[in-house]
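Structure, as structure tokens:
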Amino acid sequence: MSSINETIKGDEVKNYFVHSSILIDVDGASLNNWGSDATNTQGMDNTSAVKKVFKNGRMYAVVAGQAWRYWWRESLGLNGWSLSPITRDKKVAFTNANPLEYADDDIFGYMRASKDEVKDEDGNVVLNGGKGKNKDKPKMLDVTVTRVSPLKNSILTSVTSIDKKALNEFSTMARHDGDAVPYEKQSYSTVLKGMFSLDLDQVGTFTKVNRSGFKNVMDTTYGKVLEKGTEVNDLINPNIKRARLENSIRQQRAKDTILALKTIAGGAKRTTNYVSVKPDFIILAVLKGGNNIFDNIAVEENGRATLSIEALKEAIEDNKEYLRSDIYIGKMSGFMDDVSLNILKSEVAEVTIHIETVNKIIDDFVKILDTVVI
């Protein structure tokens with residue numbers, strides 16, 4: 008196998024993705040809820056149940072992918088990003104949809120369906136004119152823009168089933184005159200698993216094709232990107248032109264996105280059911296192609312969540328030709344201490360594997376993005 012740098016230089020199509028799988032150990036969590044549940048023990052109306060899915064007849068706790076993205080975006084804001092302002096308009100809400108100014112619009116995508124008044128060179132509103140009933144109304148220009156997010160993430164699900172293990176917590180509000188007000192909520196202790204993918208080619212790269220998901224920006228914004236950036240061909244269709252920000256900006260946005268996992272926080276019921284949602288385990292690599300190879304490495308064994316070393320070995324060895332970086336694995340002490348990750352270094356040939364704490368491995372991984380975000 009040739010070196011990673013030689014392979015990158017030889018790739019004609021550089022469709023590179025950061026692929027990752029994470030595990031989060033939570034105790035007494037109530038992170039993401041929906042309405043009442045028929046299983047509440049007291050038969051009360053004032054209840055909230057955890058989100059759950061069923062697989063093979065068993066129940067698993069769920070945190071919605073949207074909730075995870077919300078925490079992630081907030082973390083980026085707290086880490087220094089200026090987040091895109093949100094406009095609430097009748098039945099819809101949308102961000103500024105300006106990926107040039109707001110990095111979160113670039114990374115998380117958007118859809119903004121709206122129309123603007125047409126103005127002349129002096130800034131005066133242009134009317135429809137003519138003889139129709141709308142002749143005195145402003146001429147409107149469709150400025151709808153959409154962008155598919157370069158960052159894609161799964162839901163978070165429990166590795167082990169929570170059948171008969173979700174706790175129904177009976178509580179009361181009694182700090183007032185009169186009868187106490189009872190309510191009930193569910194919580195659980197489990198290991199949550201999730202995965203994400205970051206399309207490095209799409210970071211800081213925008214099209215204006217009149218097609219849903221492809222009209223990322225209007226002509227004016229496209230031109231502003233080109234003032235300091237460059238124009239590149241689409242990876243699949245060379246007839247489609249794309250405006251690309253400077254590489255230094257794209258690299259920093261990609262690195263900041265991954266670094267935010269070190270400080271990510273969030274979840275419902277945090278005042279009484281506080282848990283950390285920072286990863287206790289993470290695996291990161293850059294691969295050519297959009298399929299995440301680390302999707303089946305967390306398994307249930309004798310009722311406990313654990314890592315399948317065999318599944319991880321197979322994932323790496325079976326996809327060596329697509330690797331465009333070393334493998335970076337972070338795990339915190341006290342979490343799955345019975346799992347020996349170091350065996351991978353001796354048993355997986357021709358692939359360099361780095362094993363450190365979660366924060367250290369994230370710091371080490373983002374340094375390589377300066378060479379593969381191109």
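The opening residue of the sequence shown carries number 8 in our numbering; numbering runs sequentially from there.
All C-beta atoms in this analysis are idealised placements derived from N, C-alpha and C, irrespective of residue type, glycine included.
Fair warning: this is a prediction, and the values are worked out from it, not measured in the lab.
1) On the three-state DSSP scale, how would you describe V152?
2) Have a look at V293 and N131 and give me their C-alpha separation to the nearest angstrom.
3) Answer yes if the segment 327-345 comes into contact with the segment 357-366, meaning at least three C-beta pairs across the two stretches below 8 Å, and no otherwise.
4) Excluding the 5 residues flanking V216 on each side, which residues of the same chain have their C-beta closer than 7 Å to its C-beta?
5) Counting only the same chain and skipping the five closest in sequence on each side, list residues whose C-beta sits under 6 Å from that of T102.
6) DSSP three-state label for E307, please.
7) Go ahead and pull the three-state DSSP assignment for N47.
8) Between W79, K235, T214 and S219, which has its C-alpha nearest Q225's C-alpha?
9) Apart from the five residues just before and just after E253, which ones in its own chain have a Cβ nearer than 7 Å to its Cβ?
10) What residue range is occupied by the uninterrupted beta strand (DSSP E) comprising F288?
11) Rank A250, F24 and N280 by C-alpha distance to the C-alpha of V232 and give the top, closest one.
12) Does the Cβ-Cβ distance between V198 and D32 come in under 8 Å?
13) Throw me the rounded Cβ distance for the K200 and L30 pair, which I believe falls under 8 Å.
14) Return the Cβ separation of L163 and F203 in integer angstroms, given the expectation that the two are a contact with Cβ distance under 8 Å.
15) So for K200, helix, strand or coil by DSSP?
16) Counting pairs of beta carbons, one from the segment 308-322 and one from the segment 59-68, are three or more of them closer than 8 Å?
17) Looking at I289 and V365, is the spacing between their C-beta atoms short of 8 Å?
18) Let's test the definition: count the other Cβ atoms within 10 Å of the Cβ of S219 and tell me whether it reaches 16, buried, or not, exposed.
19) Could you tell me the boundaries of the beta strand (DSSP E) in which L30 lies?
20) Taking DSSP's pairing of strands, which residues face G337 in a bridge?
21) When you compare the CB positions of V69 and I265, do they come within less than 8 Å of one another, or not?
22) Helix, strand or coil for R331? Go by DSSP, reduced to three states.
23) Where does A318 fall in DSSP's three states?
24) Just to confirm, are G274 and N22 a CB contact at a threshold of 8 Å?
25) Kindly give me the distance between the Cβ atoms of L207 and V380, rounded to whole angstroms, as I take these residues to be in contact under 8 Å.
26) Does DSSP classify K352 as helix, strand or coil?
27) Under three-state DSSP, which class holds T228?
28) Using the Cα positions of Y109 and K262, report the straight-line distance between them to the nearest angstrom.
29) Please classify Y229: is it buried, with 16 or more other beta-carbons within 10 angstroms of its beta-carbon, or exposed?
30) May I have the straight-line CA-CA distance separating D287 from S353, to the nearest angstrom?
31) Can the beta-carbon of I271 be found less than 8 Å from the beta-carbon of W88?
In short, the structure shows the following:
1) Reduced to three states, the DSSP call for V152 is strand.
2) 51 Å
3) yes
4) K222 and I247
5) S91, I93, D112 and Y117
6) strand
7) Low local confidence applies: a pLDDT of 45 at N47 is under 50, so the model's placement there is unreliable, with the coordinate-based value given in what follows. Of the three classes helix, strand and coil, the one that applies to N47 here is coil, per DSSP.
8) The sequence shown places Met at residue 225, not Gln. The shortest Cα separation from M225 among W79, K235, T214 and S219 belongs to T214.
9) Scanning its chain for C-beta atoms nearer than 7 Å, with the 5 sequence neighbours on each side dropped, one finds around E253 the residues K235 and G236, in chain order.
10) F288 to K295
11) A250
12) yes
13) 6 Å
14) Contact doesn't hold; Cβ gap of about 11 Å is too wide.
15) strand
16) no
17) yes
18) The residue in question, S219, is exposed, as its Cβ has fewer than 16 Cβ neighbours within 10 Å.
19) Y23 to A36
20) I289 and E363
21) no
22) coil
23) Secondary structure at A318: helix, using DSSP grouped into helix, strand and coil.
24) no
25) 5 Å
26) helix
27) helix
28) 15 Å
29) buried
30) 24 Å
31) no
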